[in-house]
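Here the structure is laid out as structure tokens; the discussion comes afterwards.
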Amino acid sequence: MAEPRLAGLELGGTKCFALLAEGTRLIERVSVPTTTPEETLGRLDDLLGGWWAQAPFVAIGIGSFGPIGLDPARGDHGFITTTPKPGWANVEVLGRYERLFGVPVGFDTDVTGAALAEYLWGPAAGTTSNIYLTIGTGIGGGAVVNGTPLRGLLHPEMGHVRIRRRAGDGFAGVCPSHGDCLEGLASGPAIAVRAGAKAETIGEDHPVWDDVAAEIAELVAMLVLTLSPQRIAFGGGVPVGQPWLLPRIRARAADILAGYVAPVDAAALETIVAPAAFGADAGPLGAIALADHARTGNVTPLSPPGG
Ligand code: ADP
Ligand code: ZN
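Be aware that the sequence shown starts at 206, since it is given in this note's numbering, and climbs by one per residue.
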């Protein structure tokens, strides 16, 4: 049977991607800079329209930066809502693509899409609770619980939790909304301010990493205690570029949990806390996963990428 043609959009703070897939095979990936909504969404409309003219796709998935409105009972459903990004607050996304193409459209955060791809086609298959965390320009997390993207009032905003700081750490943090929330302390730009150098240039022995690993471990422990995930996948420039960071995060998380959650000891954390499976394709496949979910509710999952 022919693989379904699925379109995707990845909406990021600095760039967006229009995507086209046959099943889980990405056949087109075009980058568009994030400028104004009119210009950027207009260019994405044109790209999707060109692919549609060649052969219609059966669904669209949109993985977006947040916050976004996901409660159908609210007027902001399908919108990018309170972002500080100039021009992008209160911008309708979901309805725009439903009207343009008349096919099912999945809309969620980029990280929830990535968690869904890990669940549908990756190592989170068979879990009943899995999380995808990105540590990059920002910190964000999405969750899939019982095969469904976790939603409620809106969607998880895991990066903005406030966590316990290490003694003597007085850094004020860089989050424009919260100062020293986790994103304000341990995102790439926060690390750069703390160390006075870009995160990618800071050596493994620099003391800033002790704070960063401890702070991210606080979130890992919090997630183990609240959402009971069988897998927490890490993506984003910071953990991908500094692969020795995950072992430090695991060790610290094991200390914080102190053996209370019986199956979650240091050895178990080796498999629970893991690098994201799809690397640079996590975001694109996340958008395609949202398209597939909108189309089928994942009743008959597609074959995994490369499978
Ligand atoms: P985004 O979050 O914008 O999608 P990335 O996930 O690539 O993009 O994250 C970008 C951030 O990751 C930047 O703050 C950058 O400094 C940081 N980063 C990129 N490479 C590395 C690296 N090798 N080590 C540590 N930090 C890195
Ligand atoms: Zn914050």
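Ideal Cβ placement from N, Cα and C applies to all residues, glycine included.
Considering only Ala481, Val237, Ile273, Gly327, the residue with the shortest C-alpha distance to Asp313 is Ile273.
Set against 6 Å, the gap from the CB of Pro394 to the closest heavy atom of the ligand ADP is smaller. The three-state secondary structure of Phe222, taken from DSSP, is strand.
The Cβ neighbour count for Gln447, taken over all protein chains shown within 10 Å, is at least 16; the residue is labelled buried. At least one heavy atom of the ligand ADP lies closer than 6 Å to the C-beta of Gly341.
Taking 6 Å as the cut-off, the C-beta of Lys220 does not count as close to any heavy atom of the ligand ADP.
Less than 7 Å divides the Cβ of Gly491 from the Cβ of Ala319. Annotation for His360 indicates a beta carbon at 6 Å or more from all heavy atoms of the ligand ZN.
Per DSSP, Gly442 is one residue of the alpha helix (DSSP H) stretching across 442-446.
Here Ile368 really is in contact with Glu423; their C-beta atoms are around 4 Å apart, less than 8 Å.
In this structure, the C-beta of Lys403 approaches the ligand ADP to less than 6 Å from one of its heavy atoms. The beta strand (DSSP E) runs of length 3 or more contained entirely in the segment 401-474 are, from start to end of the chain, 436-440. DSSP, read as helix, strand or coil, puts Leu358 in coil.
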